[in-house]
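Taking it in order: structure first as structure tokens, then the write-up.
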Amino acid sequence: MASTGAFRERLIGAWEEIRENLGRSVLQALGVLLGVAAVLGGFSISDSQRKRSAEMFVKMGGLDKLNVQPKAAIKDGRPTALQQANLGLRDADAISGEALQADAIQGVSRQKNTRSRVVSAYADQDRQVRGIGGDYIPTNGYGVAQGRGFSNTEMETGAPVVILGTEAANTFFPKGDALGQSLRIGDIPVTVIGTFQERVFRFREGQGNQFWWRNRIIAVPANLVQRRMNGDAYRRVDQVTFRIPDLNAMSGFAQQLKNLVKANHRLQDDFRLDDVAARVRRRQSQGDVYDIIFMLSGVLALVGGGIVNVNIQMASLKERVREVGVKMAIGASGREIFKGFMTEALLLTALGGFAGLFLGVGFSWIITKSIGIPLYMTPASFVWAYCMAAAFGFLFALYPAWKASRLSPMEALRYE
Amino acid sequence: MTPIIQTEALTKVYGANGAAVHALRGIDLTVEKGEFVALIGPSGSGKSTLMAILGCLDLPTVGTYTLDGRQVQGLSGGELARIRNEKVGFVFQSYNLLPRASIVRNVELPMLYAGVGRKERRERALALLEKVGIADKADKLPATLSGGQKQRVAVARALANNPALLLADEPTGALDSKTGAEVLDLFRELHQQGNTLLLVTHDPSIAALAQRRVEIRDGLIAVAEGVA
Ligand SMILES: Nc1ncnc2c1ncn2[C@@H]1O[C@H](COP(=O)(O)OP(=O)(O)O)[C@@H](O)[C@H]1O
Ligand SMILES: [Mg+2]
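Chains A and B supply the protein sequences, listed in that same order. In terms of numbering that gives the first Met the number 0, the first sequence opens at residue 0 and continues consecutively. In terms of numbering that gives the first Met the number 0, the second sequence opens at residue 0 and continues consecutively.
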């Protein structure tokens with residue numbers, strides 16, 4: 000008999016055995032089913048979270064950023080002479096930093112902020128004013144909705160122009176006609192040349208807008224702040240951001256930059272580097288812990304299911320041993336018995352696993368729905384969950400099958 | 000012509016040392032093709048032990064056994080299974096049908112192990128059920144049958160692969176005398192068709208149906224009578 004034919008026979012035989020022993024079989028399959036559902040559920044919940052995080056980072060303007068900021072001001076006591084003589088973070092740092100790895104760096108932006116009284120015909124508030132330079136708008140995920148962005152000349156000369164976030168526009172020009180209007184920042188009249196698109200992101204459905212504060216932005220050229228509002232002779236800035244899409248180049252660059260800026264600052268560590276991607280990676284590695292927990296709970300479910308299976312097999316041992324005895328008496332070899340047990344177990348695993356995938360989808364759907372994030376499942380999760388179930392089904396089938404195959408026909412027939 | 004069964008000094012010891020039970024203590028038995036032999040003896044004399052060895056369900060501790068020209072000692076478990084499958088048909092006192100498999104599948108099973116194709120298996124199983132007179136029960140489960148009917152199924156199953164030897168260990172022990180007699184009629188018929196039969200019983204009236212009676216006492220052949 001051809002071996003494929005033999006396998007087919009065995010498969011049909013196993014199917015018949017399953018049908019003949021339905022109660023036992025259903026219980027066996029149930030263990031696998033729950034295990035697969037748990038593993039798949041775990042995978043897809045963490046995938047969904049991860050996907051949502053990725054969406055958030057895209058909306059934030061990307062992760063590929065290295066921020067350089069001055070260290071926090073000395074709060075207690077008086078600054079030392081050296082600290083007073085400190086040069087601080089300057090435009091020059093941005094320029095020499097960019098020169099370090101000009102080809103890896105895709106963008107540099109500066110910030111020079113100030114707090115000031117902002118007055119329009121409709122409102123008079125104390126607000127933060129953000130002086131921006133370089134590629135600030137795209138690297139921070141802003142887009143111009145109405146009007147235009149700053150021209151190079153305006154950036155260079157520090158022209159009195161402003162772009163407003165939606166909240167700022169609504170506050171200072173509630174009639175919606177901000178464009179072209181005039182606003183006073185401190186003593187300086189500035190003209191609204193554009194408004195930003197509204198920034199909205201909710202990690203979970205029903206949550207508040209996590210990006211609401213980004214809509215409060217009042218952006219002017221950094222040079223305007225520096226020259227006419229809050230500047231000093233050293234042209235100090237509040238933040239320099241380098242954009243480096245190649246995240247592998249980032250850490251090397253960070254080290255070089257650190258040395259360079261330190262040398263520029265009379266060997267003072269008066270600045271700090273903040274690698275956004277690294278920060279996110281750290282946070283994600285905390286997320287990985289959840290992955291592992293989900294995965295473990297799935298594996299535990301599978302192990303539990305496997306143990307239940309072994310127990311069921313052992314509980315039905317008496318009956319099964321008699322059956323094995325009869326089969327051996329009419330000509331089944333130990334090998335045949337082993338293959339029969341294994342085929343049956345694998346078929347049950349396959350069927351239970353298949354049903355488990357459906358249950359897992361339902362399970363994931365319910366959980367992501369209740370958390371309020373969109374469900375995201377990858378084919379790899381299905382494959383993994385299924386393969387794990389198959390592996391466990393195989394593993395836990397081995398022992399009873401081996402036991403059964405080693406019975407002597409006489410012992411088995413006499414078994415009480 | 001080679002005999003179907005030929006044993007020399009068959010010995011079977013269960014257990015070891017102090018707890019050892021000498022179930023067989025040197026059995027020399029020859030059964031020719033086409034014979035109908037009754038194996039008699041009191042309970043515990045070793046009849047079932049002998050039947051198990053003759054049916055290759057168990058191996059002797061010492062001694063040689065040749066079944067249909069083939070030496071049995073030293074064969075692997077797989078080879079023994081094959082012999083049980085092809086050469087021996089076993090009928091037990093307690094029927095030993097698979098309780099959740101249909102009647103026809105019970106009869107098909109030995110053919111499955113022999114590698115007979117699906118269709119042929121089904122045809123032959125149905126023909127055998129016809130032969131033992133319960134073709135109408137093919138799709139029933141064993142539990143729905145009477146004792147006599149179950150034993151007929153067991154006989155049909157034993158005949159499935161056309162064995163060289165039919166072994167029956169007290170096949171009527173669990174049946175009332177009327178159905179027992181019917182089953183015995185079936186055995187007689189099988190004998191007339193040329194099958195070789197070895198039947199264990201402790202009922203002299205049943206033993207009387209056989210051509211030859213072999214009596215076992217304490218693991219030894221005590222009296223052998225009848226046509227050899
Ligand atoms: N598996 C076994 N282990 C130990 N002793 C056994 C076993 N099987 C049978 N015996 C003993 O061997 C002897 C013969 O038993 P058996 O062949 O069943 O006798 P019979 O069928 O003639 O009643 C008895 O004393 C029985 O107790
Ligand atoms: Mg007995």
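Ideal placement from N, C-alpha and C gives every residue a C-beta, glycine not left out. None of the values given here were measured: they were computed from a predicted structure.
query: Starting from Glu214 of chain B and walking both ways along the beta strand (DSSP E), at which residues does that stretch end?; result: 211-216
query: Are any of the Cβ atoms in chain B nearer than 9 Å to that of Glu314 of chain A?; result: Inspection of the sequence shows that residue 314 of chain A is occupied by Ala rather than by Glu. Chain B, which has no Cβ nearer than 9 Å to the Cβ of Ala314 of chain A, makes this no.
query: Quick check: what's the CA-CA separation for Ala91 of chain A versus Arg226 of chain A?; result: 16 Å
query: Quick one: does the C-beta of Asp67 of chain B sit closer than 8 Å to a heavy atom of ligand 2?; result: no
query: Determine the DSSP secondary structure at Leu81 of chain A, reduced to helix, strand or coil.; result: Confidence at Leu81 of chain A is low in this model, with a pLDDT of 49, below 50, so the placement of that residue is unreliable and no value is reported for it.
query: So, Ile52 of chain B versus Lys11 of chain B, is the Cβ gap smaller than 9 Å?; result: yes
query: Within the 9 Å Cβ cut-off, does Tyr64 of chain B reach chain A?; result: no
query: Please confirm whether Leu266 of chain A and Leu99 of chain A have their CB atoms less than 9 Å apart.; result: no
query: Less than 8 Å between the CB of Ser47 of chain B and some heavy atom of ligand 2, yes or no?; result: yes
query: Residues in its own chain within less than 6 Å of Val107 of chain A by CB, not counting five upstream and five downstream?; result: Ala93, Glu97, Gly133, Phe241
query: Could you tell me which chain B residues have their CB closer than 8 Å to the CB of Leu356 of chain A, listed as they occur along the chain?; result: In chain order: nothing, as chain B lies at least about 29 Å away.
query: Regarding Asp168 of chain B and ligand 1, is the C-beta to nearest heavy atom distance less than 8 Å?; result: yes
query: For ligand 2, any of its heavy atoms closer than 8 Å to the Cβ of Ser42 of chain B?; result: yes
query: Looking at the structure shown, is His201 of chain B part of a helix, part of a strand, or coil, going by DSSP?; result: coil
query: Could you list which residues in chain A have their beta carbon closer than 8 Å to that of Asp67 of chain B, in chain order?; result: By Cβ distance, chain A contributes nothing, its closest Cβ being about 15 Å from Asp67 of chain B, past 8 Å.
query: What are the complete beta strand (DSSP E) segments, minimum 3 residues, inside the segment 0-73 of chain A?; result: 64-69
query: So is Gly14 of chain B in contact with chain A if we call contact Cβ pairs under 9 Å?; result: no
query: Can you check whether the C-beta of Pro234 of chain B is within less than 9 Å of a C-beta belonging to chain A?; result: Residue 234 of chain B is absent from the model: chain B starts at 0 and stops at 227.
query: Which chain A residues are close to Asp138 of chain B, counting only those with a beta carbon under 8 Å from its beta carbon?; result: What Asp138 of chain B touches in chain A: nothing, since even the nearest Cβ is about 13 Å away.
query: What I want to know is whether the C-beta of Val115 of chain B ends up closer than 8 Å to one or more non-hydrogen atoms of ligand 2.; result: no
query: Give every residue of the same chain whose Cβ lies closer than 7 Å to the Cβ of Asn16 of chain B, excluding the five residues on either side of it in the sequence, and list them in chain order.; result: none
query: Are there any heavy atoms of ligand 3 lying less than 8 Å away from the beta-carbon of Ala22 of chain B, as far as the coordinates show?; result: In terms of ligand content, the structure shown lacks ligand 3 and carries ligand 1 and ligand 2 instead.
query: State whether the segment 317-333 of chain A contacts the segment 404-413 of chain A, with contact taken as three or more CB pairs (one from each stretch) at a distance under 8 Å.; result: yes
query: Using a Cβ cut-off of 9 Å (strictly closer), state whether Ser45 of chain A contacts chain B.; result: no
query: Can you give the Cα-Cα distance for Gly146 of chain B and Val90 of chain B, rounded to whole angstroms?; result: 13 Å
query: Give the residues of chain A in contact with Leu97 of chain B, contact being defined as C-beta atoms less than 7 Å apart.; result: Glu322, Val325
query: Counting only beta-carbon separations shorter than 9 Å, does Ser407 of chain A have a partner in chain B?; result: yes
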